[in-house]
Structures are given as C-alpha cells and as structure tokens.
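Participant:
Numbering (the numbering used here), first residue to last: 1 to 935.
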C-alpha cells in the first residue's frame, strides 16, 4: 500500500475530497444494501483492496491504519474492513447484524463532530484488528478491502457532506508457531507413563522423562529424512502400574509441508501399544513414510504417549508425555543452506542435509534463506564441490577460506573479510554467466609519494571470464572497510584523502614484456587503461607523509583457472598474483621451469619495496627489489636502481606465499615463452602467519613471531655494508635437492650492482641467493666483492636452523687470514675493483680437524667406533656431561643422549648412514663440538 508520511495528506479518500487511486482496486465502486435505517449500512464505497495476504502458520493477523473523517454532522458513518478468498466475494470481518455493528468492525463517527476534516483527537487515529479474536474464517491467502460506510440519510453519491480517508495502512502477522500442547485428562490415573528414549539413525536422546509434561528438544541436532523415504527409528516408553488389559496410544506427527500444523493426512501415525507382559520399558519400532512432496529443510516432529485419545495440541497430564524434535528433510543431491539456526556455516542444523558440506558436496545458497552463511576465523574452512549463490545472497568469510572443487555460479556476493580467501582447486570452474562479485581488502602505501606494485584478484563484475579491465573497474576506497566508496582520479601528481578520496593517475603504469628495465619502457595506463588478468601495475598512495597505510577494496568477478601471459627472451614483465587467495611462489616456479607447463622465465622473482623518501623525485626514492627463489628470500637493497637513493632500510623479506594483489617482476629466459598461473598454485596462507608478505610499509595485520609453516632448512644470512650501499644481504641455504652448481629456481642472480657490493660467485656469475646440498667444516663457498676503494664490512645477519656451535669465517686467500664474522664484523679497505676469487665463507678457523680422536681442552675425548657403531666419550675432567647431540650436515639431530650421572665413560649407540657428523657435548661449563666420520 502506498503511504503518506505527512499528517493530513490522505492516501485513499472518498467523499467531498478527490480520490487518491494509486494502489486502489477500482475508482468510486458503489454498492447498495437496504436495511433498517439505524442498524444496517445504507451506502458503502470501496477505497482500497490489498494484494493477497498469506497467513500460513499464523494464529492471528493485525490490521492497523490511520483514518480521517468529514462527517457533515451525520451520525454513525464509519469505516469497515472486509475479506475475500477469491477477490470477488466479500465477507465482513465481524457481524454486521450485530445490534452494535458500528462498534465491531466499524470505526463510528459520532454526530458531535461537525463539518470539516477532523476526528475526535484532532489528528489521525489508529484502529487495530486482531483476526484470532474477531473472525476465525479469515485464513490462508486472502484479500482485504477497506470501505467507507454511510448509515445516514444523505443518499447523494457521493454524499454531499461526509467523507473518509485512510493512511499508513499496515498489515502485520507474528512469526508462525506451533501450538503448545494443552494439558487434558483422558480419564485414567494411577499409571506412570513417559518417553524414555528416542533413536533415529545416529540421533539418540535418552531422557529421564516426566509424566504429564511437554518437553521441547528442537534445539538438539536434527534428525534426517529424505522425501519418498522412511523416517525409521525407535521410541522407548517407560511404564509402571499397568495391568494386562491396558492399551495406550503412541502418536507421532511430522509437519512435512511446513505449514505449522499437523493436520494433513500424511503427517500423523498412531501406534496402539499394549503391555500384556507387564514390562517396565517397551521399545516401539517406528517406520514413518516420508511423502515425496515433503518440503526440504527443518520441520517439527511431535511424539506423544497417552493412556487415552489426544490431539497434536494436547498432552495427558495424568498419564502421558509429549516431546518435540527437529527433523531435517534433506535434498542430499544438493545441500541447501537454510540458516534456520544461525549464520554459522559449520552448524549442521543450518543445512538441508543435516551435515556441513564437504569437498564432494553440491551446495545451494538460496535467496529464501533466513540467514546467509558466514565462516568464522576460528572454525573449519568452508568446502564445496559445485556451489551456487543465488541473486541477493551473500557469503562472508572472516579470516578463513572457502574451497571449491567443482563449479562456482556466483550471482550473489562473497565478502572475503580481513584475510578471507577464495580457493578453487585444479579443474574448478567459474560459471561465465555469473553476475555476482566478491570483495577483498588489501592495504597498500598510504603515502602519496610512494609506490606499490599491484595485481587485481578480480575483473569487472558481469564481464566474461578472462576479460581485460581497468583500475577504475575494480578498485574502491576502503577507508571504511564495511562500506567501500568511490575513488576520484586526478591527472596531477598528488592524490588526497579529502574532501574526496583521490588517486593520481600520473603514477599508474604497467611494464608488460619490455626489453629492458629502463624507465622508458614503463607504459602509462591511468585509471582507464587496459590490464589483463595476471598483469601488474604501479600506483601511489593518497595520503601525506606519515600515513603508512591505506585500505583498498577490490570489487568484481574473481579470477580463476589457468591464466597465461607471453614474455620475450630476456624481457622483464611486471606480473602479479591474479587470485583472491595466496599464491605459492615455489609451485609457480615449478610450473614455469624449462620443463614445466610454462617455460619462459629465469628462476627468480623480484618484489619492489618503497620503504622511504617523501618526494616524487626519483633520486629521493628509498626503494629496491627483494629477491625470492625456492631457497628463500632476501630483502631489497637500498638504491636498488642507479637512479634512486642508496639510503634507508628495507623492512620486508619476500616469503614463499605471495599475498593477494601483490605484483612482482619476472625475467624472460633466453628465448622467452608462456608465463602460467593456475589453480594448483593457490593456497590459504595469511599475512598474519608471517609466511605471506605484501610489500608495503608498516603491517596492519598482526604477524606471528612463529611462522605457521616452518622452513627447517639451515640458512646463513650474510650482511654487507659499504660507502655506496647501506646494506646488502645474501643468503646461503642448505637443501638436499640442490648441488654446488647452479640449480634452476634456487639461485638468484643479482638484480642490480653498486660500487660497493657482495655476492656469491658460481661459474663467473653473481648471485644473491645460493643453495647447496651440504655444508661441512671443510667446505669453502666463494664470495665476490666489489669495492669503491672505501672500507667495507661483512657480518652475519642471521642464522636459521643452524646449530649454535657452528662457526663462520671469512677466509682471505691472499693473506691467509681467517676472520670471525659470527661474533664480530670483518672490516677491510680494498683498492677499487672486483674481487672474484680472493674471499670465501668457511666453517673452521684452521685445518686442524679430520682425525677420529682428539683430546679436547676440557679433558673430554671423543671417538667414533665404527666397528661397534658406538660413539665413545671419555670424561677425564671434573665437569659433568649433561647431554650429547649428534647432527648431520643439514643441521638435523640424528641422536640425542641425556646423561643423568657423572660416569667417566659413555658408549652411545649410533645408527646412521655413512658420512660426516657433528657432536655437541653440553657440560656445566659450556658446550664442546667435534666432527666425526661414520662409516
């Protein structure tokens, strides 16, 4: 019904004012009913007719409306409401033959009100009508109509001096409910009879039961039934005080059509139970046919036991009990979300099949659901095979993920809240006809002088899968994360946050398959230029210096499946994670090896970090490229390009998992080819875990100090500083899958060189990351140094998964000096130039080891007896040996021995492969180390 919100403006009017016809069925409809001049209506005029009103499952319905009168001094004029089942035959709500008819369904206007639009209170008045108390005939799917009735003798049409008007008509009905059983006495007493257990499949509800009560167990996990099947189980009855001639009733009702009653023919079974044997517990088998027309979803089952006849709305308070349960009518070909209990995806009672979907389950989220599903951060992830979200529906994923094996038909909305992610398995498809979208937040630079390199996880909503898009198609202002806003664009240098959120298009570029890394190869795209899925782009922030971070929201159709780009030989390409989930960099490299599905790039990924500088001048940028291979990552080096500043301190190190929307560079190999992204590279990994990094300034997400996925490989991070470089870190990783030669995907060539620099040398090439399958005390790793002629400094940055007793030295092959870099820095001034063969990283100060037995300073001797396979330790000192560890060359413990006595001789069995091992002996005075050889 159309309503007016202004007092005195009349929505439906009849009488001496113009008729408002919008929403009314007919215009000046007239009928005449003769009768007693004071007791019956004379003339009536229909003002408005409602649409069909469904009252299924409702015990009452209320009409409320405001009414206004012009009486013309005529007594007993009023307003009437009628109902109809077919829209043509109308019945009065109330009895018009009642001698006081105008006090029943009529609002009567006394003749004390004079001409003019008025009423008794001087304004609109309200009349509420409750059907349950006024007229029980009004029920399912009826119409109502509102009439003005004139009982006066003014027969003009319309009456000259009378009128009525309606406004704010409101038809309400309370939530449907089942009847609460009412206690009755069936005529018997002295017996004790109640329900003691209900079993249906895996559902088991043993109860103590109380005679003469009604117990509601609908909050328990629901029972399951399938249309056309049978609801099979057992009801146990506890009885006491029976004699051999008694028969009593076990009634079961199930509301299969979900109309909130048990009155339909196929919704009731009754079982006559006798107790001729005088048993104290009787188990009654139940086989209740489920009609094929049963409506999917949760419905009510009522079980009643009594010593006499009862209805579904009764219980025998003398000798009986009633219990209610929830039955799930399951369409188990497709598990339909009902939301009957809550919004919790992981609550089985919210699903039509009575169970939470698995990766093999087809799922439907219908628009008719009570609540739409949510997957919480502390719960299990959401899983589905095929899944459809109907138009108008939503799925919210809080710091968790939804994983899909089959087809996604997305006509609704998926909100990946916080670190929520969408994963589609290999072979999973996104229906091209999908009209819906996802939202995913990501935080980038807030500073208008600093870049991020981005990649969108979505394309424009409603476009074809794989279609090109622009930044303005998919990016929204996420200052208020729950309410993404529009972005204004300017061609000027500076973005801003007020009065409207504005980004500068001047800094929006892509670098797509260009032959070199020079600035001339950057291609401007602005906010409307074309990008392909998987391509990266640059963009600066909108805030002032000090604004570390800005939240953005990507809104659109999610990318999925295999995405390919083409790169030329030795060309650079700014690409990025194209999915709304983390990307496994190791798997991406494996898929793009020379023998992989893609076969186009070198084995290193490069990540830009703009960590300092508050100017648009290139020379003031404090930024650089961090590098990543399967051996690990190293942070950017200040002054990553010759044009930018050599100052500042990088704060991010690339990790194995590439965050959502993160852009990065790849370099084509000698002949180039296809770069491939695919669903097999998609994983759930959060930035908070510490394993997934977005290369922005300060982190908005709390990062765990302990990574959720541990890399247990020994790693040696060596730092270098010089006059023309703030800090360079190089990485050496021990990995059993590698060798001392170049292993594709593990070694990272240096991306830029400075006048002062350090690198690993392999086959006359320079690397910042190197891997090998072993380290021992005899190993020497060549180390290259470039000097500007000023002093340089080398020291250990960090050791990961390396035994505490391990020592590290820089060996000078010219002077023969060995320099400890674990506990102190190695400082030296060299003449200007490159030194490719002079220095090495070594693990011992001098060549004194290599014998099988050695007397240590402490008086402790160590001997490996390869005949008996025992490590034999003799303690001739005054100190106690607390424990002994034996490590392999990867730094892994192969033997741990705890010594609880002060024995002078220990024989420790060792079962290990032949090779070099290291023994660490913990005494009360410290730890001793020794190399042994096992044969």
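Yeah, the Cβ is synthetic: ideal placement off N, Cα and C, and Gly gets one too.
(1) Is the segment 612-626 touching the segment 709-722 in the sense that three or more CB pairs, one from each, lie closer than 8 Å?
(2) Per DSSP, which one or two residues make a beta bridge with residue 787?
(3) Quick one: give me the first and last residue of the beta strand (DSSP E) that residue 770 is part of.
(4) Start and end of the alpha helix (DSSP H) containing residue 474?
(5) Under the rule that 16 or more other beta-carbon atoms within 10 Å means buried, what is residue 453, buried or exposed?
(6) Rounded to a whole number of angstroms, what is the C-alpha to C-alpha distance between residue 750 and residue 358?
(7) Judging by CA-CA distance, which residue of 380, 402 and 448 is the nearest neighbour of residue 550?
(8) I need the DSSP call for residue 807, collapsed to helix, strand or coil.
(9) Report yes or no: is there a C-beta of chain B within less than 9 Å of the C-beta of residue 493?
(10) Between which two residues does the alpha helix (DSSP H) harbouring residue 587 extend?
(11) List the DSSP bridge partners of residue 182.
(12) Please report the straight-line C-alpha distance between residue 89 and residue 264, rounded to a whole angstrom.
(13) Looking at C-alpha atoms only, which residue of 524, 660, 520 and 648 is the closest neighbour of residue 581?
(14) Taking only the alpha-carbon atoms, compute the straight-line gap between residue 863 and residue 804 and give it to the nearest angstrom.
(15) Answer yes or no: do residue 906 and residue 874 have a C-beta to C-beta separation smaller than 9 Å?
(16) Just to confirm before moving on: does the CB-CB distance between residue 235 and residue 281 stay below 9 Å?
(17) Between which residues of its own chain and residue 256 is the CB-CB distance below 8 Å, once the five residues before and five after are set aside?
(18) Restricting to Cα atoms, I'd like to know which of 332, 350, 606 and 331 is closest to residue 340.
(19) Quick one: what does DSSP say residue 618 is sitting in, helix, strand or coil?
(20) Please return the same chain residues whose Cβ sits closer than 7 Å to the Cβ of residue 712, not counting the five positions on each side in sequence.
(21) Are the segment 819-835 and the segment 741-748 touching, with three or more C-beta to C-beta distances below 8 Å?
(22) Using beta-carbon positions only, say whether residue 675 and residue 505 come within less than 9 Å of one another.
(23) Which class does residue 681 belong to by DSSP, given the choice of helix, strand or coil?
(24) According to DSSP, simplified to helix, strand and coil, what is residue 689?
(25) Tell me whether the segment 407-426 and the segment 437-447 touch, counting them as touching only if at least three CB pairs, one residue from each stretch, are closer than 8 Å.
(26) If I follow the unbroken beta strand (DSSP E) through residue 550, where does it start and stop?
(27) Distance, Cα to Cα, residue 912 vs residue 743?
(28) Sorted by chain position, which residues of the same chain lie with C-beta nearer than 6 Å to residue 382's C-beta, five sequence neighbours on each side aside?
(29) Pick from 272, 314 and 259: whose alpha carbon is nearest that of residue 297?
(30) Cβ of residue 511 within 8 Å of any heavy atom in the ligand GTP?
(31) Straight-line CA distance for residue 252 to residue 378?
(32) Whose CA, out of 884, 210 and 232, lies closest to the CA of residue 202?
(33) Since I believe residue 195 is in contact with residue 303 (beta carbons under 8 Å), could you give me their beta-carbon distance rounded to a whole number of angstroms?
(34) Check for me: the beta strand (DSSP E) holding residue 388 runs from which residue to which?
(35) Which runs of the beta strand (DSSP E), 3 residues or longer, sit entirely within the segment 868-930?
(36) Quick one: which unbroken alpha helix (DSSP H) runs of 4-plus residues sit fully inside the segment 301-345? Chain order, please.
Facilitator: In this structure, then:
(1) No: fewer than three Cβ pairs fall under 8 Å.
(2) One-based indexing of the chain shown puts residue 787 at position 787. BP columns for residue 787 point to 833.
(3) Taking the chain shown and counting its residues from 1, the one referred to as residue 770 is at position 770. Run containing residue 770: 765-772, per the beta strand (DSSP E) assignment.
(4) Within the chain shown, residue 474 is the residue found at index 474, counting from 1. It spans 471-474 - the alpha helix (DSSP H) in which residue 474 sits, taken as one unbroken run.
(5) Walking along the chain shown from the start, residue 453 turns up at place 453. Flag for residue 453 reads buried.
(6) One-based indexing of the chain shown puts residue 750 at position 750. One-based indexing of the chain shown puts residue 358 at position 358. So the two alpha carbons sit approximately 46 Å from each other.
(7) As a position in the chain shown, residue 550 is number 550, starting the count at 1. It is 448 whose Cα lies nearest to the Cα of residue 550.
(8) Position 807 of the chain shown, counted from the first residue, corresponds to residue 807. Coil.
(9) Among the protein chains of the structure shown there is no chain B, as only one such chain exists.
(10) Counting from 1 along the chain shown, the entry for residue 587 is found at position 587. Annotation for residue 587: the continuous alpha helix (DSSP H) segment containing it runs 585-591.
(11) Within the chain shown, residue 182 is the residue found at index 182, counting from 1. Answer is 314.
(12) Position 89 of the chain shown, counting from 1, holds the residue named residue 89. Position 264 of the chain shown, counting from 1, holds the residue named residue 264. If I take the Cα positions, the gap works out to 27 Å.
(13) Taking the first residue of the chain shown as position 1, residue 581 is located at position 581. Looking at the Cα atoms, 660 is the closest of the given residues.
(14) Counted from its first residue, the chain shown places residue 863 at position 863. Counted from its first residue, the chain shown places residue 804 at position 804. Taking the straight line joining both Cα atoms gives about 22 Å.
(15) Translated into positions along the chain shown, residue 906 becomes position 906. Translated into positions along the chain shown, residue 874 becomes position 874. Yes, they are a contact pair.
(16) Start at 1 with the first residue of the chain shown, and residue 235 comes out as number 235. Start at 1 with the first residue of the chain shown, and residue 281 comes out as number 281. With a cutoff of 9 Å on beta-carbon distance, residue 235 and residue 281 are scored as not near each other.
(17) One-based indexing of the chain shown puts residue 256 at position 256. For residue 256, where only same-chain residues beyond five positions count, the Cβ hits under 8 Å are 264, 266, 267, 290, 291, 293, 294, 295, 299 and 329.
(18) In the chain shown, residue 340 corresponds to position 340, counting from 1. Comparing Cα positions, the closest option is 350.
(19) As a first step, residue 618 must be located in the chain shown, where it is residue number 618. In the three-state reduction of the DSSP assignment, residue 618 falls in the helix class.
(20) The residue labelled residue 712 in the question sits at position 712 within the chain shown. For residue 712, the CB contacts under 7 Å within the same chain, skipping 5 residues up- and downstream, are 801 in chain order.
(21) Output reads no: the segment 741-748 does not touch the segment 819-835.
(22) Here residue 675 is taken as the residue at index 675 of the chain shown, counted from 1. Here residue 505 is taken as the residue at index 505 of the chain shown, counted from 1. Their beta carbons are not under 9 Å apart, which means residue 675 does not touch residue 505 by this criterion.
(23) Indexing the chain shown from 1 puts residue 681 at position 681. Correct three-state label for residue 681: helix.
(24) Start at 1 with the first residue of the chain shown, and residue 689 comes out as number 689. Residue state, collapsed to three classes: helix.
(25) When Cβ pairs closer than 8 Å are counted between the two stretches, the segment 407-426 is seen to touch the segment 437-447, the count reaching three or more.
(26) In the chain shown, the residue the question calls residue 550 occupies position 550. Residue range 549-558 is occupied by the beta strand (DSSP E) that includes residue 550.
(27) As a first step, residue 912 is located in the chain shown; it is residue number 912 there, counting from the start. As a first step, residue 743 is located in the chain shown; it is residue number 743 there, counting from the start. Straight-line Cα distance between these residues: approximately 28 Å.
(28) Sequence index remark: in the chain shown, residue 382 carries index 382 (1-based). Correct list, in chain order: 345, 375 and 402.
(29) The residue given as residue 297 occupies position 297 in the chain shown. Closest by alpha carbon: 259.
(30) Among the ligands in the structure shown, none appear at all, so the ligand GTP cannot be discussed.
(31) Stepping through the chain shown from its first residue, residue 252 is reached at position 252. Stepping through the chain shown from its first residue, residue 378 is reached at position 378. Looking at the two C-alpha atoms, the distance is approximately 39 Å.
(32) One-based indexing of the chain shown puts residue 202 at position 202. Residue nearest to residue 202 within the set 884, 210 and 232 is 232 (criterion: CA-CA distance).
(33) On the chain shown, position 303 is the one that residue 303 refers to. On the chain shown, position 195 is the one that residue 195 refers to. At roughly 6 Å, the Cβ-Cβ gap stays under 8 Å, so residue 303 and residue 195 are in contact.
(34) Within the chain shown, the letter at position 388 stands for residue 388. For residue 388, the enclosing beta strand (DSSP E) stretches over residues 387-389.
(35) DSSP runs (the beta strand (DSSP E)) wholly in the segment 868-930: 870-875, 881-887, 893-898, 905-909 and 915-923.
(36) Within the segment 301-345, not a single complete alpha helix (DSSP H) segment reaches 4 residues in length.
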